[in-house]
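Per our numbering, residue 0 is the first one in the sequence shown, and the count goes up by one each step. Reviewing the structure listed below.
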Amino acid sequence: MSSSLSPALVLQTSQLDTLLNQANILLVFIGSEEAFREAHIPGSQHIKPSELVCGVAPAAGKIADTDDLAFLFSRIGLNDDSIVIAYDDEGGGWAGRLIWTLDVIGHHHYHYIDGGLVAWLGEGRETESGFSKNNLKDATEQPSVQINIDSALIVSAEKIIESLSNDEFIVWDARSPQEYNGEKILAARGGHIPGAENINWLDLMDRNNFLRLKPLPVIQTMLSDKNLTSDKTIVTHCQSHHRSGLTYLV
């Protein structure tokens, strides 16, 4: 499905052959230490999902504080010229969360590997194991990256409440239908934000094609059927902005 989505954002595994030798490429895997240690694309830096969130209840999925982000992005070697190529091993949730975080801090040079590690391994491509020097940097080192947060990309509950009657403002609930309908309760209360539209993040993936995104026309139809169109302001959410990392990417 090389023609399914814009190559400006989504890369196929085959395209990495000509990119990985470029000096400004920063290849980043977002996932568990165990998965990274076992196998990753050669040259990858590693980010644990917990490094992207604040981890403080009741909204543990909020963005990490600026000091933590400064250390994180310094550790992996991010600079103004870096072109980040993000991937994970679950179909794009955590990779999308990283891309949203990059947008929030004003770094807009990035790509997503369609299918991520699942596609890479499924095609029998070369991997390496263990950790690089950068992934083992001491947390006491002085960060080299300064972090400024663009609050325009973070929508508050108050803003959503104010916009509930605005037909041009749509909330995309990326959770399962059971959570959306209140049958499965993982938050303080069941159900969904009034007026929110539900497309499960899992429904965007092709399980028969290494968790790559479904073809663009299929996704466009799914979105338009729910009134999620490009002329609207769309706010996407889930429980912790993990699953909605993929829907943000889409």
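Don't be surprised by glycine CBs; every beta carbon is placed ideally from N, CA and C.
Would you report the Cα separation of Glu182 and Tyr109, rounded to the nearest angstrom?
37 Å
Can you tell me whether DSSP reads Ser2 as helix, strand or coil?
Interpretation of Ser2 is limited by its pLDDT of 33, a score under 50 that renders its predicted location unreliable; no figure is taken from the coordinates.
Using a threshold of 8 Å, state whether the C-beta atoms of Ala94 and Asp87 are closer than that.
yes
Rounded to the nearest angstrom, what separates Glu161 and Phe28 at their Cα positions?
37 Å
In three-state DSSP terms, what is Ala85?
strand
Sorted by chain position, which residues of the same chain lie with C-beta nearer than 7 Å to Val144's C-beta, five sequence neighbours on each side aside?
Ala69, Phe72, Ser73, Leu77
Between Leu4 and the rest of its own chain, which residues show a CB-CB distance below 7 Å, the 5 nearest in sequence each way excluded?
Low confidence applies here, because Leu4 scores a pLDDT of 44, under 50, leaving its location unreliable and the question unanswered by this model.
Could you give the DSSP three-state label for Thr235: helix, strand or coil?
strand
Are the segment 40 to 53 and the segment 146 to 154 touching, with three or more C-beta to C-beta distances below 8 Å?
no
Please list the terminal residues of the continuous beta strand (DSSP E) segment that includes Leu68.
Run containing Leu68: none in the beta strand (DSSP E); it sits in the alpha helix (DSSP H), 65 to 74.
Nearest-angstrom Cα separation, counted from Trp171 out to Thr220
15 Å
Helix, strand or coil at Val170 [DSSP, three-state]:
strand
Along the chain, where does the alpha helix (DSSP H) containing Val103 start, and where does it finish?
92 to 103
For Leu51 and Thr100, which I take to be in contact (beta-carbon distance under 8 Å), what is that distance rounded to the nearest angstrom?
6 Å
Quick test of the definition: if touching needs 3 or more C-beta pairs under 8 Å, does the segment 104 to 124 touch the segment 190 to 209?
yes
Are the beta-carbon atoms of Gly115 and Gln238 separated by less than 8 Å?
no
Nearest by alpha-carbon distance to Thr232: which of Asn165, His45, Ile192, Ser31 is it?
Asn165
So what does His45 bridge to, in DSSP terms?
Phe28
Taking only runs of the beta strand (DSSP E) that begin and end inside the segment 135 to 212, which ones reach a length of at least 3 residues, in chain order?
168 to 172
For Ser155, does the count of other Cβ atoms within 10 angstroms reach 16, so buried, or fall short, so exposed?
exposed
Helix, strand or coil: how does DSSP classify Gly129 here?
coil
Shortest alpha-carbon distance to Trp200 belongs to which of Leu248, Gln14, Val55, Phe35?
Leu248
Taking only the alpha-carbon atoms, compute the straight-line gap between Ser243 and Asp80 and give it to the nearest angstrom.
27 Å
I'd like to check one pair, His236 with Arg96: are the Cβ atoms closer than 8 Å?
no
Drop a sphere of 10 angstroms on the beta-carbon of Arg36, count the other beta-carbons inside from all chains shown, and report buried for 16 or more, exposed for fewer.
exposed
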